[in-house]
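Colleague: Heads up: the protein sequence lines correspond to chains A and B, in order. Heads up, the first sequence is in our numbering, so the first residue is 1 and it goes up one at a time. Heads up, the second sequence is in our numbering, so the first residue is 1001 and it goes up one at a time.
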Amino acid sequence: MTAPDAVPATPRDVHAESGGVGEPLLRVRDLAVSFPGRSGVPMRAVDGVSFDLHEGEALGLVGESGCGKSLTALSIVRLVDEPPGATAPGSSVRYRGAELVGAPASRLREVRGAEIGFVFQEPMTSLNPVHRVGRQVAETLIAHEGLSRGAARARTRELLARVELPDPDRAARAYPHELSGGMRQRALIAMAIACNPSILIADEPTTALDVTVQAQILELLARLRRETGMALLLISHDLAVVGNVTDRVAVMYAGQIVERGPAADLFRAPAHPYTEGLLRAVPSIERRDRRLAVIPGRVPAPGSWPSACRFHPRCPYAWERCASEAPPELPLRGAGDAAEPAVSRAEAPDASAPPGDRARLSRCWLVDEPGRRTGRGYAEVTA
Amino acid sequence: MGRLLDLVLPGARDLRKRPVRAAAALAAWAALWVLVVVRWDRIVATPGGGAVDAWIALVSLLAALAAVWRLGGRRPEPDVSVEMRSQWGLVSDAFRRHRLAMAGLALVATLAFLALLTPYLAPHDPAAQGADIVATRFQPPSWEHPMGTDRFGRDVLSRVLYGGRVSLMVGTLAIIIAMTLGSLVGAVAGYARGWIDAVSMRTVDLLLSLPRLVLLITIIAFVDPSTTLIIVVLGLTGWMGTSRLVRGEVLSLREREFVQAARVLGFGTPRILFKHVLPNVATPIIVAATLGIGNTILVEASLSFLGFGVPPPTPSWGDMVLRGVRDMHDAPWLVLFPGIAIVVTVMSFNLVGDGLRDALDPRAGGGGHS
C-alpha cells in the first residue's frame, strides 16, 4: 500500500457543498489514521476520509467491521491514542470552522460532550458500574455547564424523561446493572445530549440491542434530532438502520469511503459493486423469492489493503484496470440530479459546478465504463 | 412489652427465632454493662483526668453500647425487592453468607473494641512493677493476674491489651499509608502507561527484590526508633504489591467503554482516573488492605522480636515474646499469651480478607463457601 493512491489528487474540493452555504458544521478532509504495523510499516486504518456534516443533517456511515468507521468517529473527537496511533499530516477535522486536529487538549475537552455528543455500541459497559445512573448524567452537566448539584439533578430528571425512560426518578437512583440494555442505552443518550450538543455521533447504537428495542432507540434518536435540530452521524453495519434514519449515506470499505449519496438514491441504485453486494446480502420481505448474494472473501486487515482498487479481489466485475489503477471518487452521470457534476475536465468536460456532498460519488471505474457491469455479478446463496 | 424488652435487653426477643444472633447481642450487651459497673470509678474519673486514651475509651464504650443496642433490637427487614442494590449491597450479602468470614469480622470488631477500651479493661498499669519484685515476678495465672506476671512483676494481661492497641494502630496506619501510596503509583502507572509505567514498575520490581525485613532493620538502625517511625517505615515498604495490583486493574479498566465514554464526555484525566477508574479498583484494594493489616501486624511483631520494633517501654506483642523466650521454661505464659494474641489477630484479619475476596469474586457464585 502506498500513500499516493490514498488521496485522489483533485485540484478542487470535491466534497464541498456547492451553493455558498458556507462552512459546514463539521468538515472532515483527507482524514487518515495509521497504527504501527508488525514490521514497523504504519498501517492506515482510515485512509483519506472526507465528508461534510451540516447543521441538523443526518449522515450514515456504513461498512463491515474493520473498515475504519468507528476509528473515523473517534478520530473526529480526537480520541485515538497517539501514540500508538498517528494522524497523517494533511488530515483536517474542522468543527464550526475551527481545526480540531492539533488543537490543545483543553479545547478538545470543551468540544467533547458539550458540542459533540457520543453514543457507543455497548450500553452494557459504557456506564460506570460503581456510580448511580443519575450521578453520571449529572456529572456531565456539572463538568460542562457548571450547574450546582441541585440544578444538575433537576436537569438529569428532565433528560431521563426526555429519553423516555419509564420511571426517571427510579432510573436516576439505579445502578447500571439494574437497568436493561435498552434502558442503559437511553441513559447514555441522555448523557450524550445533556449539554445540547450540535452533533451527536452514534457508533453502532443499536447493535447490542434486540430488534424491538433497536427500533425504539432509532425512533428516539430521530425524535431528538427533530426536536433539538442537532446533526447526527450514525455509524452502523446495518443498512436498514442507516436507511431509515439518515438523509445521506457514505459507504466505507477498507479505510475509504467508496460510495456516497442521498440515502434513498443510494439504496435504490447502488453504483459501487461493494454497495450492491451489501444490499443484495440483506433479506427483503418484499422479495422473498430472491436469493441472497454473497460477497466472496472477507475485509482485508488494515495494512494489507490490496493495491489499486481495494475491492478488486472481491469484485465480480473487476478487470485489469481495477488491479493497476486506484479509482478516485467519481461522480455518477445521469443520475437525475441537476447539479450532477463531474470530477475532472478530462473525464467530464460538460460539468463545471463543483460536486457537492449531496452528489452521488462512487470510487469505482465502472462509473467510467458502465458497460463492464455485465456477467453474473455476485454468486447467490444456494439453499 | 416486646418493645420494653428490646430497650432493656436488645436481642432477647429473638432468642427463639435467631438464637445465635440474639445470644451474641445479649452477651455483648452484658459484657459491656459488667465493664461499666466494674470500672465505674475509672469511667467517672475520665472527665476529671482528661487523658486522651481515657476519652477515646469513653467514646468507644458509649458507641459500643449504642451499636449493640441498635443491632440487637433491630427487626429483620422485610425483603422488599432485589432492585436498588448497589455493588456493595450485593457483596455484603455474599459476605454475610460466608460463616468463617463473619466469625473473622466478629473477632476483628471485638479486637478493635478491646483495643479502644483498653484503659477501662486493663486490670493494672502495664508498666507498673510489683512493690516487691522478687515476690511478684513470674507469678502464674491467677485471679489477680489472669495471664500471670513477667520478670518485673508486670501484669501480662494488661501488657497484652496495651500491646494490642499498639499492634492494631501500627498495622492500620501503616496499611493506610501503603494503600494510598500503592494505589496512587499503580493508578498513575497503569493509566499513563509508557515510560512512567516502565520507570515506576521497575522501581517496584527493585524494591520487591529487597528482603523486607532486612530493609526495615537497615532503615530503623539508622534512625532513632519510635512508634511513628515504625508506622511510616512499614507503610513505605508495604505499598509495592498494591501498586502492581492497582496498575493491572487500571490497565484493563482504562480500555473499558465507560472510560472511553468519560473521555468522550470531555472529562479531564484526573477526574477520569480518580472518579471513574479508581472507585472500580476499590474492592481489590480493600481486600489487599484487610489481608495487609494482618501481615503488617506479623511483620511488626517480627521486628519487635528482633529488637527493632516499637521501642520499650511501649508494650508490643513481639517484644513480649522476645523477652519471654528467656524465661520460657519457668514461665511459659509469658510467651503463650502474646503469641496467641498475634495468631488470633492475624488470623481474624485473614479470615475477613479471604471472605471479602470470595464475596467479590463473581466466579465464587456470590456465595463463597459456608
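Even glycine gets a Cβ: it sits at the ideal position worked out from N, Cα and C.
With a cut-off of 7 Å, does the C-beta of A:P354 fall near any C-beta of chain B?
Modeller: Residue placement at A:P354 cannot be trusted, given a pLDDT of 38 that sits under 50; what the coordinates show is reported in the next sentence. So, not an interface residue.
Colleague: So which residues on chain B does A:P331 lean against when the C-beta distance must stay under 8 Å?
Modeller: Neighbours of A:P331 on chain B: none; closest Cβ ~35 Å, over 8 Å.
Colleague: Where does A:V242 fall in DSSP's three states?
Modeller: Residue state, collapsed to three classes: helix.
Colleague: Excluding sequence positions up to five away, which residues of its chain have a Cβ less than 6 Å from the Cβ of B:L1015?
Modeller: Excluding sequence neighbours, B:L1015 sits near A1022.
Colleague: Anyone know if the C-beta pair for A:S91 and A:A45 falls short of 7 Å?
Modeller: In this structure, A:A45 does not lie closer than 7 Å to A:S91 by Cβ.
Colleague: Decide yes or no for the touch test of the region 112 to 124 of chain A against the region 190 to 203 of chain A: beta carbon pairs closer than 8 Å, at least 3 of them.
Modeller: With a cut-off of 8 Å, the region 190 to 203 of chain A and the region 112 to 124 of chain A count as touching, because enough Cβ pairs lie within range.
Colleague: Can you check the region 298 to 327 of chain A for any alpha helix (DSSP H) of at least 4 residues that lies completely inside it and give the ranges in chain order?
Modeller: You should have 320 to 324.
Colleague: Tell me whether the region 1096 to 1110 of chain B and the region 1147 to 1162 of chain B touch, counting them as touching only if at least three CB pairs, one residue from each stretch, are closer than 8 Å.
Modeller: No: the two stretches stay apart, fewer than three of their Cβ pairs being nearer than 8 Å.
Colleague: Residues of the region 1257 to 1281 of chain B with a CB closer than 8 Å to any CB of chain A: list them in chain order, please.
Modeller: Cβ contacts with chain A: E1257, F1258, Q1260, A1261, A1262, R1263, V1264, L1265, G1266, F1267, G1268, R1271, K1275, H1276, P1279, N1280.
Colleague: So which residues of chain B does A:G113 contact, with C-beta pairs closer than 7 Å?
Modeller: Within 7 Å Cβ-Cβ: V1264, L1265, G1266.
Colleague: Can you check which of these residues, B:L1032, B:L1107, B:L1071, B:S1060, is closest to B:A1341 by C-alpha distance?
Modeller: Considering only alpha carbons, the answer is B:L1107.
Colleague: Which residues bound the alpha helix (DSSP H) around A:G182?
Modeller: Unbroken alpha helix (DSSP H) run through A:G182: 181 to 193.
Colleague: I'd like to know whether the C-beta of A:N128 is nearer than 7 Å to at least one C-beta of chain B.
Modeller: Yes, A:N128 counts as interfacial toward chain B.
Colleague: Report the rounded CA-to-CA distance for A:E158 versus A:R149, giving the unit in angstroms.
Modeller: Going by the C-alpha atoms only, they are around 14 Å apart.
Colleague: Run the CB neighbour count on B:M1328, radius 10 Å, all protein chains shown included, and call it buried at 16 or more, exposed below.
Modeller: B:M1328 should be labelled exposed.
Colleague: Return the first residue and the last residue of the alpha helix (DSSP H) that A:E145 is part of.
Modeller: Run containing A:E145: 133 to 145, per the alpha helix (DSSP H) assignment.
Colleague: Could you please tell me which residues of the region 139 to 157 of chain A, in chain order, have their CB closer than 9 Å to any CB of chain B?
Modeller: Answer in chain order: E139, T140, A143, H144.
Colleague: Are the C-beta atoms of A:E99 and some chain B residue less than 7 Å apart?
Modeller: Judged by the 7 Å Cβ criterion, A:E99 is not in contact with chain B.
Colleague: Considering only their Cβ atoms, is the gap separating A:Y175 from A:A293 smaller than 7 Å?
Modeller: No; because the gap between Cβ atoms is not below 7 Å, this pair is not in contact.
Colleague: Taking the straight line between their C-alpha atoms, what separation do you get for B:T1345 and B:P1338?
Modeller: Looking at the two C-alpha atoms, the distance is approximately 10 Å.
Colleague: In whole angstroms, give me the CA-to-CA distance for B:G1163 and B:I1043.
Modeller: Cα to Cα, the separation comes out at about 21 Å.
Colleague: If contact means a Cβ-Cβ distance below 9 Å, which residues of the region 188 to 203 of chain A contact chain B?
Modeller: Residues passing the 9 Å Cβ filter: L188, M191, A192, A194, C195, I201.
Colleague: Just to confirm before moving on: does the CB-CB distance between B:I1293 and B:F1349 stay below 7 Å?
Modeller: In contact: B:I1293 and B:F1349 (Cβ atoms closer than 7 Å).
Colleague: Just verifying my parser: in three-state terms, what is the DSSP assignment at A:Y95?
Modeller: The answer is strand: DSSP assigns A:Y95 an E or B state.
Colleague: Using 8 Å as the Cβ pair cut-off and three pairs as the minimum, do the region 1197 to 1208 of chain B and the region 1237 to 1244 of chain B touch?
Modeller: Output reads yes: the region 1237 to 1244 of chain B touches the region 1197 to 1208 of chain B.
Colleague: If you draw a straight line from the alpha carbon of B:S1383 to that of B:W1317, how long is it in whole angstroms?
Modeller: The question about residue 1383 of chain B has no answer, for chain B in this structure spans 1001 to 1370.
Colleague: Restricting to runs no shorter than 4 residues, where is the alpha helix (DSSP H) found entirely within the region 1289 to 1341 of chain B?
Modeller: Listed in chain order, they are 1317 to 1325.
Colleague: CA-CA distance, A:D238 and B:G1241?
Modeller: Cα to Cα, A:D238 sits roughly 47 Å from B:G1241.
Colleague: For a quick check, are the C-beta atoms of B:D1330 and B:F1113 less than 7 Å apart?
Modeller: No; because the gap between Cβ atoms is not below 7 Å, this pair is not in contact.
Colleague: Among B:V1160, B:A1135, B:A1109, B:A1094, whose alpha-carbon lies nearest the alpha-carbon of B:P999?
Modeller: Chain B is shown from 1001 up to 1370; residue 999 of chain B falls before or after that span and cannot be answered.
Colleague: Is B:T1149 helix, strand or coil when you go by DSSP?
Modeller: B:T1149: strand per DSSP, three-state reduction.
Colleague: Rounded to whole angstroms, what's the CA-CA distance from A:R155 to A:L147? Just pull it up for me.
Modeller: In a straight line, the C-alpha of A:R155 is about 9 Å away from that of A:L147.
Colleague: As a quick exercise: from A:G40, A:E57, A:A263, pick the residue whose alpha carbon is nearest that of A:R385.
Modeller: This structure cannot speak to residue 385 of chain A, because chain A is shown only from 1 to 383.
Colleague: Could you tell me whether the region 1251 to 1269 of chain B touches the region 72 to 86 of chain A, using the rule of 3 or more Cβ pairs below 8 Å?
Modeller: They touch, by the three-pair rule.
Colleague: Below 6 Å CB to CB, which residues in the same chain sit around B:D1354 once its five sequence neighbours on both sides are set aside?
Modeller: Nothing listed; no residue qualifies.
Colleague: Anything in chain B within Cβ reach of A:V33, meaning under 8 Å, just list it in chain order.
Modeller: Going along chain B, no residue has its Cβ under 8 Å from A:V33, so there is no contact; the nearest lies around 16 Å.
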